[in-house]
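Trainee: Input: one structure, supplied below.
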Amino acid sequence: MSIQDLENIRKELWVGEVAVCFTLDAADLASILIEPEPCSAMIPRSSYLPLHMADIKQYFSAFIRQELLDNEIWCDTEHGDKIKWHLPFGVSYDILHGLSVEGAIWHLNVHFSDYPEQELLRCPSLDCVKSYFLTTLKEADALKHGSAVMSNIREKENSMLWNGILTKSYDEFWTINRKLMDCNSKRQPLTYRNLPVRLYNIDRTYTQPLLPAPSEESSCSIVTVDDLLYALSIKLDDDTIVITQGIKISLDSPLFDLSQTLSYPDNFLYLCVVKA
Numbered sequence: 220m221s222i223q224d225l226e227n228i229r230k231e232l233w234v235g236e237v238a239v240c241f242t243l244d245a246a247d248l249a250s251i252l253i254e255p256e257p258c259s260a261m262i263p264r265s266s267y268l269p270l271h272m273a274d275i276k277q278y279f280s281a282f283i284r285q286e287l288l289d290n291e292i293w294c295d296t297e298h299g300d301k302i303k304w305h306l307p308f309g310v311s312y313d314i315l316h317g318l319s320v321e322g323a324i325w326h327l328n329v330h331f332s333d334y335p336e337q338e339l340l341r342c343p344s345l346d347c348v349k350s351y352f353l354t355t356l357k358e359a360d361a362l363k364h365g366s367a368v369m370s371n372i373r374e375k376e377n378s379m380l381w382n383g384i385l386t387k388s389y390d391e392f393w394t395i396n397r398k399l400m401d402c403n404s405k406r407q408p409l410t411y412r413n414l415p416v417r418l419y420n421i422d423r424t425y426t427q428p429l430l431p432a433p434s435e436e437s438s439c440s441i442v443t444v445d446d447l448l449y450a451l452s453i454k455l456d457d458d459t460i461v462i463t464q465g466i467k468i469s470l471d472s473p474l475f476d477l478s479q480t481l482s483y484p485d486n487f488l489y490l491c492v493v494k495a
């Protein structure tokens, strides 16, 4: 794959969005006689739900009980599945919704009360999202480069990474992220040690196996998606598939190539086993 082809794929992923329809949970209404219309938004796959909830909260604030105004809000699906804010939004969509269908709208319920602390991490401010994102990025770098990249990134560059997420600025984010993602090039001569991969099974539990990157010195037997499923004793039924970034993945796809092209901004490749 040429550098230009890789760049084009990354740009296409960057602009990927999920159409969401938010509905206020009836239990939080100030009056059952006044129910607001649902609120719609386009949420970037590469972003995080709390970064887009300020407008949603403001829209519903006139309709909720006043004692709930300062509460931390959270969302779940029509089936009661809680949305984990610390995951990239596209990962949550893939896990809970499955393969993307053109024109599909994801319906989510918004809650201002009864925060499910046993199932969701607390997120009192956007600084929590930033901290979690950078921590995950450092974990990915530790796997790939033994922390050689993030340990040399300045605070200004950390800010550029995060601001790129906040403002959806591809150029600002990738100016720094190339140091983490590109390898075996004149720009970035480092090679990968391991591949940052998380696999979500059909029961929505996840595994993060230690996957040595392929190299001339490596004798790793796990090269493709099929190899990984076999190593984890995961058998696909006729009606189950593996997806990432809303795309069905061929089982003979090399994990290294997928990591290079389809990783999220936190540098992890998220593979999801879902119903076809």
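Residue 220 is where the sequence shown starts when you use my numbering, and the numbers rise one by one after that. Quick reminder that beta carbons are idealized off the backbone N, C-alpha and C, glycines included.
(1) From E338 to K301, what distance separates their C-alpha atoms?
(2) Short check: CB of L318 to CB of S265, under 8 Å?
(3) Enumerate, from N- to C-terminal direction, the unbroken beta strand (DSSP E) stretches of 3 or more residues contained entirely within the segment 290 to 351.
(4) To the nearest angstrom, how far is the alpha carbon of E297 from that of I314?
(5) Just how far apart, CA to CA, sit G312 and D457?
(6) By a C-beta neighbour count over all protein chains shown, 10 Å radius and 16 as the cutoff for buried, is H326 buried or exposed?
(7) Using C-beta distances below 8 Å, list every residue in its chain close to I174, excluding the 5 sequence neighbours before and after it, in chain order.
(8) Using three-state DSSP, classify F475 as helix, strand or coil.
(9) I'd like to confirm the pairing. Which residues does DSSP put opposite F487 in its beta bridges?
(10) Please tell me whether P415 and K363 are closer than 8 Å, where the distance is taken between their beta carbons.
(11) Would you report the Cα separation of I421 and K494, rounded to the nearest angstrom?
(12) Please give the ranges of any alpha helix (DSSP H) in the segment 424 to 468, keeping only runs that are unbroken, at least 4 residues long and fully inside the region.
(13) Could you pull out every residue in the same chain whose Cβ sits closer than 6 Å to the Cβ of G180, ignoring the five residues on either side in sequence?
(14) Can you give me the start and stop residues for the beta strand (DSSP E) that I262 sits inside?
(15) Quick one, are the C-beta atoms of E236 and P263 less than 8 Å apart?
(16) Just to confirm, are P433 and V442 a CB contact at a threshold of 8 Å?
(17) Counting only the same chain and skipping the five closest in sequence on each side, list residues whose C-beta sits under 7 Å from that of E429.
(18) Would you decide whether S221 is buried or exposed? Buried here means 16 or more other CB atoms lie within 10 Å of its CB.
(19) Report the three-state DSSP secondary structure of K494 (helix, strand or coil).
(20) Which of helix, strand or coil does DSSP assign to R417?
(21) Please classify R373: is it buried, with 16 or more other beta-carbons within 10 angstroms of its beta-carbon, or exposed?
(22) Can you say whether Q277 is buried or exposed, counting buried as having 16 or more other CB atoms within 10 angstroms of its CB?
(23) Considering just the uninterrupted stretch of the beta strand (DSSP E) at A238, what are its terminal residues?
(24) Apply the 10 Å Cβ neighbour rule to D485 and answer buried if 16 or more other Cβ atoms are within range, or exposed otherwise.
(25) How far does the alpha helix (DSSP H) with R397 in it reach, from first residue to last?
(26) In or out: P219 buried (at least 16 other Cβ within 10 Å) or exposed?
(27) Considering only the beta carbon of each residue, do I283 and D333 sit closer than 8 Å?
Mentor: From the atom records:
(1) To locate residue 338, count along the sequence shown from 1; it is residue 119. To locate residue 301, count along the sequence shown from 1; it is residue 82. Rounded to the nearest angstrom, the two C-alpha atoms are 8 Å apart.
(2) Here the question's residue 318 lines up with position 99 in the sequence shown. Here the question's residue 265 lines up with position 46 in the sequence shown. No, the Cβ-Cβ distance between L318 and S265 is not below 8 Å.
(3) 293 to 296 and 325 to 330
(4) Position 78 of the sequence shown holds residue 297. Position 95 of the sequence shown holds residue 314. Cα to Cα, E297 sits roughly 14 Å from I314.
(5) To locate residue 312, count along the sequence shown from 1; it is residue 93. To locate residue 457, count along the sequence shown from 1; it is residue 238. The residue asked about is misnamed: residue 312 is Tyr in this sequence, not Gly. Approximately 22 Å between the Cα atoms of the pair.
(6) Within the sequence shown, the letter at position 107 stands for residue 326. Flag for H326 reads exposed.
(7) Outside the displayed range of the chain (220 to 495) lies residue 174, so it cannot be described from this structure.
(8) As a first step, residue 475 is located in the sequence shown; it is residue number 256 there, counting from the start. Helix.
(9) Taking the first residue of the sequence shown as 1, we reach residue 487 at position 268. F487 pairs with nothing; no bridge assigned.
(10) For this step, residue 415 is matched to residue 196 along the sequence shown. For this step, residue 363 is matched to residue 144 along the sequence shown. Yes, Cβ-Cβ distance for P415 and K363 is below 8 Å.
(11) The residue you call residue 421 lines up with position 202 of the sequence shown. The residue you call residue 494 lines up with position 275 of the sequence shown. Cα to Cα, the separation comes out at about 8 Å.
(12) 444 to 450
(13) The chain is shown from 220 up to 495; residue 180 falls before or after that span and cannot be answered.
(14) Position 43 of the sequence shown, counted from the start, is the residue given in the question as residue 262. I262 -> beta strand (DSSP E) spans C258 to P263.
(15) Taking the first residue of the sequence shown as position 1, residue 236 is located at position 17. Taking the first residue of the sequence shown as position 1, residue 263 is located at position 44. Yes. Within cutoff.
(16) Position 214 of the sequence shown holds residue 433. Position 223 of the sequence shown holds residue 442. Closer than 8 Å, so yes.
(17) The residue labelled residue 429 in the question sits at position 210 within the sequence shown. Rather than Glu, the amino acid found at residue 429 in this sequence is Leu. Correct list, in chain order: N413.
(18) Working through the sequence shown from its first residue, we reach residue 221 at position 2. Looking at its Cβ environment, which holds fewer than 16 other Cβ atoms inside 10 Å, S221 is exposed.
(19) Position 275 of the sequence shown, counted from the first residue, corresponds to residue 494. Correct three-state label for K494: strand.
(20) Within the sequence shown, numbered from 1, the residue matching residue 417 stands at position 198. DSSP places R417 in strand when its eight states are reduced to three.
(21) Start at 1 with the first residue of the sequence shown, and residue 373 comes out as number 154. With fewer than 16 Cβ atoms within 10 Å of its Cβ, R373 is classed as exposed.
(22) Working through the sequence shown from its first residue, we reach residue 277 at position 58. So Q277 ends up on the exposed side.
(23) Within the sequence shown, residue 238 is the residue found at index 19, counting from 1. Where A238 is concerned, the enclosing beta strand (DSSP E) stretches over E236 to L243.
(24) The sequence position of residue 485 within the sequence shown is 266, counting from 1. Buried: at least 16 other Cβ atoms inside 10 Å.
(25) Position 178 of the sequence shown, counted from the first residue, corresponds to residue 397. Segment Y389 to M400, the alpha helix (DSSP H) holding R397.
(26) Past the edges of the chain, shown from 220 to 495, lies residue 219, and the structure says nothing about it.
(27) Here residue 283 corresponds to residue number 64 of the sequence shown, with the count starting at 1. Here residue 333 corresponds to residue number 114 of the sequence shown, with the count starting at 1. Result no, Cβ atoms of I283 and D333 do not sit closer than 8 Å.
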